[in-house]
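Engineer: Taken in order, the sequence shown gives residues 1 to 106; the numbers are from full-length UniProt numbering. In this text, a Cβ means the ideal position worked out from N, Cα and C, and glycines have one as well.
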Amino acid sequence: MQQLGELPQNPFQTGDVATLIAQPVIIIALIPFVLIFLRAAWLEYRRWKVHGPSENKRSAYDIDEDAPSYTPPESETETDDMTETETKDDTQFHNPKPARGGQDQN
1 MQQLGELPQN
11 PFQTGDVATL
21 IAQPVIIIAL
31 IPFVLIFLRA
41 AWLEYRRWKV
51 HGPSENKRSA
61 YDIDEDAPSY
71 TPPESETETD
81 DMTETETKDD
91 TQFHNPKPAR
101 GGQDQN
């Protein structure tokens with residue numbers, strides 16, 4: 001049994017926050033992440049002070065479906081490929097769609 005103030009030998013036996021904070025390895029591992037987020041917050045604050053709030057109003061307008069680069073989203077229903085006894089879940093399980101990022105696989 002551990003005495004009060006003694007650090008555990010196994011990190012999964014931590015009992016309270018004071019014991020967790022006392023682990024120097026955890027503190028050293030978290031320092032780079034904390035510094036990166038603090039720097040990012042400082043740079044965003046400086047950008048906001050110089051340029052003001054963001055003027056990106058892209059979400060305020062409707063999507064132009066007549067634009068040449070617009071591709072409509074894939075439909076949810078696949079009635080063409082389904083038979084009367086299959087459900088949509090069965091079709092997706094047996095006929096998975098190819099990955100969208102690369103070339104189509106045969």
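Whole beta strand (DSSP E) runs in the region 25-58 with 3 or more residues, listed along the chain?
Structural biologist: none
Engineer: Have a look at W48 and P32 and give me their C-alpha separation to the nearest angstrom.
Structural biologist: Spanning the two alpha carbons is a distance of roughly 24 Å.
Engineer: Please state the DSSP three-state secondary structure of A60.
Structural biologist: helix
Engineer: Can you give the Cα-Cα distance for E65 and E55, rounded to whole angstroms?
Structural biologist: Straight-line Cα distance between these residues: approximately 23 Å.
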